[in-house]
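So the structure is just underneath, and the comments pick up after that.
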Amino acid sequence: MNYTVQQIAAITNSHTIGDKDLVIKNIAFDSRIIYSTKNTAFIAVNTHKNSGEKFIEAAIDRGIDIIISEHHYPQFENITWIIVENSVNFLQKLARYHFENAALKSIGITGSNGKTILKEWLYQCLWNEFPTVKSPKSFNSQIGLPLSLLQINSTHQLGIFEAGISHPHEMEKLENIFHPQIGLLTHIGTAHAANFQSEEELIDEKIILFRHSEVIIYNGDNSLVDKKIKELYSSRKLISYGLKESNQISIKNHPSKDEKIIVKYFDEEISFPVHQRDEATLTNALALISVLKELQIDNQKIIEKINTLKAVEMRLEAIEGIKNNIVINDSFNLDLDSLKTALQFLKEYNKSKKSLVLTDIVGVNSNSKELYEEVSELVNEQQFDSVFLIGDEISKFKELFKSKIYTFISTQELIDSKHLTDIENQIILLKGARKFEIEKLKDILELRKHDTVLEINLNALLHNINYHKSLLKPGTKMMAMVKANAYGLGSYEISEFLQHHHIDYLGVAFADEGVELRKKGITTPIIVMNPEQHSYGAIIEYNLEPEIYSFRVLELFYEAVQKSGSDKKYPIHIKLETGMHRLGFKDFELDQLGEALSNKNLKVQSIFSHLSSSDMPEEKEFTLKQLEVFEKNSAYLIEKLGYAPLRHILNSSGITSYTNHQYDMVRIGIGMLGESPNSEIQKQLQSVVSFKTVISQISIVENGESVGYSRKYKPDHAAKIATIPVGYADGIPRLIGNQAGNLGVNKVLAPIVGNICMDMMMINVDHIPNVKEGDKVTIFNAQPSLKEFAGYCKTITYEVLTSISPRVKRIYIKD
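With positions in the sequence shown counted from 1, the corresponding number in the working numbering is that position plus 10.
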């Protein structure tokens, strides 16, 4: 958007106070997340739950000089005001005008489940076909949709927006401001169903969005949906998709795990591999194909796009628990669909025993017996050792569950029973409606209670891997480096996730890292990059694959293979020296190497080398020389061997800068964590790691008083100083104390003051409004970023991550 204050007032029939010629390009509605004040107005949104007007002062303190509000507050001087009758109506009126005057094709998505996933998938598939704008996150409400529409600018050719409702008559308002050319109806399920008299009423409300749509794409598996759409919109272009064969787009075959999916699209067939085969994923894939075909995307391109789809974040935490348990915390919402999703996550873990905590399903209008019969069927399929039921309603149906069943009226009653703390060596799923507050169970079951946490977003990690894969040929393999405890993130947790998503190889530095992964059930091929002599027995016992970089290592490892009695050709990986001068065979050794390998019971699985400076554009000439040497020497060795092992030399920065040299496999490390030296590539990646803590105490330190050991900081005025519970024992280097580094509080940087202590440090929060004890503090993630934090530390991101102490609790977020 790009309007003057006067233009907006005219569009919305509002009146102004102040400078009418100021230009507004952005509207902020949350005073805590105002990143830029330039051409930004703050709207004080008033709802029946809250008044945004109490945050006007905070917005002005942040530098906002245009306020949109239902009331004028003259005590704030030099502020331009747009005074509106109703803040929500104002947003909707402005959004309607903006949308109707934008020259773009629009897609509107509604339904009960899958809106956000499909929106993100469509965006991933279409952003590089058309300049595209989409709803951020799940912005689909009476306020969220208008704010999304106001993001449209003159460069956009396509808009993808969600429209969500939770009560009758809401869609009428949304369709009044947004009337998409292409309407997409996802699965109709139980979400918000309690607010409607019947499923029919819910469907009637949802499809109001399509009143002016030229094309309607809908899930035809629901016969009532199919009937309603055909009756009401028979004059439109209608396309049905779903798992039933009666749909125009459906799945033709019922393949085994390794076979391709064949999709019937009218009279065509489209075939592609799918790793996730649950009904929700397959149905969403059919919806995606339907839209892509409607937008004239050809079949081969559709297949390529599907193969590079990334996961969509829906918060679900995995935490290391007491007594060697893993705790899966999905205590954010509960309906049948989210229960199915949560149960699917359990299949990613190798623990043979598992327990479930499950509460009443709240807010669903349906027959209780039928509902809990379906719930029990889903749960019984998982063969839980123990099931803990919480709530009056679900407890009535305990006989339907086949596991060892415990029933409780409240979460506190379960806590008091002590049953959960007796569980050992299991995976424990916490799944409940918000009202039961079962997150309290997480606090009891988690191993580490430290307020300082390292949060690893596995969805973002997968996004980054898939982005790098999108730069490669379809057949190129990928090895993920998980050495040094996966750069401090947790080698088992990361490896397990990567294995589930079919990574081709894992790379570790030492044999004991690989042995530990094997013991915990990781079966993916693992390369040991630095196989020490004493570890050869363990390498063979646990089926690890060593890097061989010298004749000494080759002979010693072959002796170990012979002693083991192995009758197979044992896989090894040959490292070539190409200019880094660290490890590897040199060109003059290749003849001897070929001969040495010809008479040994070994198989060269790959030939590889390592680029020393692929992240440095100024060293391009040297990198190209390395690549030239690798091509020449690897080709020569392959000729000597008489067969062609895999070849790989590209690391993360190599993948993005020297893609033409991808060979048969690439290796990804820091790139999967969302870091790149290329600023354009960095924009495409997502931050994976968040290091967080909280404020323990806030003190006023007077002029002349001192802070911390050695009295290194003395404020020149009464200053507000916050103490946080993290120090150099947690991996924070002392050199970033004394105002060398900053931490983030309420999206504002706060300087570290005084010397950093072993378990604590202090920050100056004098300039941060409304700061209080218990507020979150970001050590690194977005502000400051990991790269910025590494800059404070005068080091690289690798060292920052690997320095974080094991006592810091790791939390894993999954989609």
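Ideal placement from N, C-alpha and C gives every residue a C-beta, glycine not left out.
Since the model is a prediction, treat every value here as computed from it, not as a measurement.
DSSP three-state label for residue i, please.
| i | result |
| --- | --- |
| tryptophan 131 | helix |
| methionine 11 | coil |
| threonine 534 | coil |
| serine 700 | strand |
| alanine 800 | helix |
| lysine 254 | coil |
| glycine 230 | coil |
| isoleucine 823 | strand |
| alanine 496 | helix |
| serine 116 | strand |
| glycine 73 | coil |
| leucine 349 | helix |
| methionine 181 | helix |
| arginine 246 | coil |
| arginine 444 | helix |
| glutamine 306 | coil |
| valine 563 | helix |
| alanine 173 | coil |
| threonine 5 | Outside the shown range of the chain (11 to 825) lies residue 5, about which nothing can therefore be said. |
| methionine 682 | helix |
| glutamine 694 | helix |
| glycine 124 | coil |
| serine 427 | helix |
| valine 781 | coil |
Whole angstroms are fine: how far does the CA of residue j sit from the CA of residue i?
| i | j | result |
| --- | --- | --- |
| glutamate 456 | asparagine 335 | 9 Å |
| glycine 679 | leucine 168 | 35 Å |
| glutamate 172 | isoleucine 558 | 54 Å |
| isoleucine 400 | phenylalanine 446 | 8 Å |
| histidine 473 | glycine 684 | 9 Å |
| leucine 482 | isoleucine 475 | 11 Å |
| valine 582 | arginine 562 | Valine is not the amino acid found at residue 582; the sequence shown has isoleucine there. Spanning the two alpha carbons is a distance of roughly 14 Å. |
| leucine 157 | isoleucine 37 | 8 Å |
| isoleucine 454 | glycine 331 | 9 Å |
| glutamate 278 | isoleucine 192 | 22 Å |
| glutamate 269 | proline 283 | 7 Å |
| lysine 320 | alanine 470 | Residue confidence for lysine 320 is low, a pLDDT of 47 falling below 50, so the modelled location carries little weight and cannot support an answer. |
| glutamate 715 | isoleucine 705 | 21 Å |
| lysine 782 | valine 758 | 14 Å |
| glycine 754 | aspartate 40 | 17 Å |
| glutamate 423 | serine 244 | 55 Å |
| valine 698 | serine 480 | 19 Å |
| threonine 47 | asparagine 643 | 57 Å |
| asparagine 49 | glutamate 523 | 53 Å |
On the DSSP bridge list, what partners appear for residue i?
| i | result |
| --- | --- |
| isoleucine 78 | Ile53, Ile92 |
| lysine 414 | Ser396 |
| phenylalanine 790 | Phe701 |
| proline 655 | Answer by DSSP bridge pairing: none, since proline 655 is not bridged. |
| leucine 759 | Gly754 |
| lysine 487 | Met675 |
| valine 711 | Ala729 |
| histidine 583 | Glu557, Ser616 |
Following the continuous alpha helix (DSSP H) through residue i, name the residue where it begins and the one where it ends.
| i | result |
| --- | --- |
| leucine 368 | No alpha helix (DSSP H) holds leucine 368; the beta strand (DSSP E) holding it covers 364-369. |
| serine 378 | 378-391 |
| tyrosine 546 | 546-551 |
| histidine 108 | 97-110 |
| leucine 3 | One cannot answer for residue 3 here, as it falls past the ends of the chain, which runs 11 to 825. |
| asparagine 476 | 468-480 |
Identify the continuous beta strand (DSSP E) that holds residue i and give its terminal residues.
| i | result |
| --- | --- |
| threonine 142 | 142-144 |
| proline 556 | 555-558 |
| isoleucine 271 | 271-275 |
- Query: With contact counted as at least three CB pairs below 8 Å, one residue from each stretch, are the segment 126-143 and the segment 78-95 in contact?
  - Reply: no
- Assess, as a yes-or-no matter, whether the segment 793-804 is touched by the segment 718-732 under the definition of 3 or more beta carbon pairs within less than 8 Å. no
- Between the segment 140-152 and the segment 85-94, do three or more beta carbon pairs fall short of 8 Å? no
- Message: Count Cβ pairs between the segment 257-264 and the segment 307-319 that sit closer than 8 Å; are there 3 or more?
- Response: no
- Message: Assess contact between the segment 183-198 and the segment 99-116, defined as three or more Cβ pairs (one per stretch) separated by less than 8 Å. Is contact present?
- Response: yes
- Is the segment 360-374 close to the segment 384-404, with three or more CB pairs under 8 Å? yes
- Message: Is it the case that the segment 686-703 contacts the segment 649-660, given that we only count it when at least three CB pairs across the two stretches are under 8 Å?
- Response: no
- Message: With a threshold of 8 Å, are at least 3 pairs of Cβ atoms found where one atom belongs to the segment 492-509 and the other to the segment 542-553?
- Response: no
- Query: So, do the segment 769-781 and the segment 807-823 have three or more beta carbon pairs nearer to each other than 8 Å?
  - Reply: no
- Inspect the CB distances between the segment 428-448 and the segment 666-682 and report whether three or more fall short of 8 Å. no
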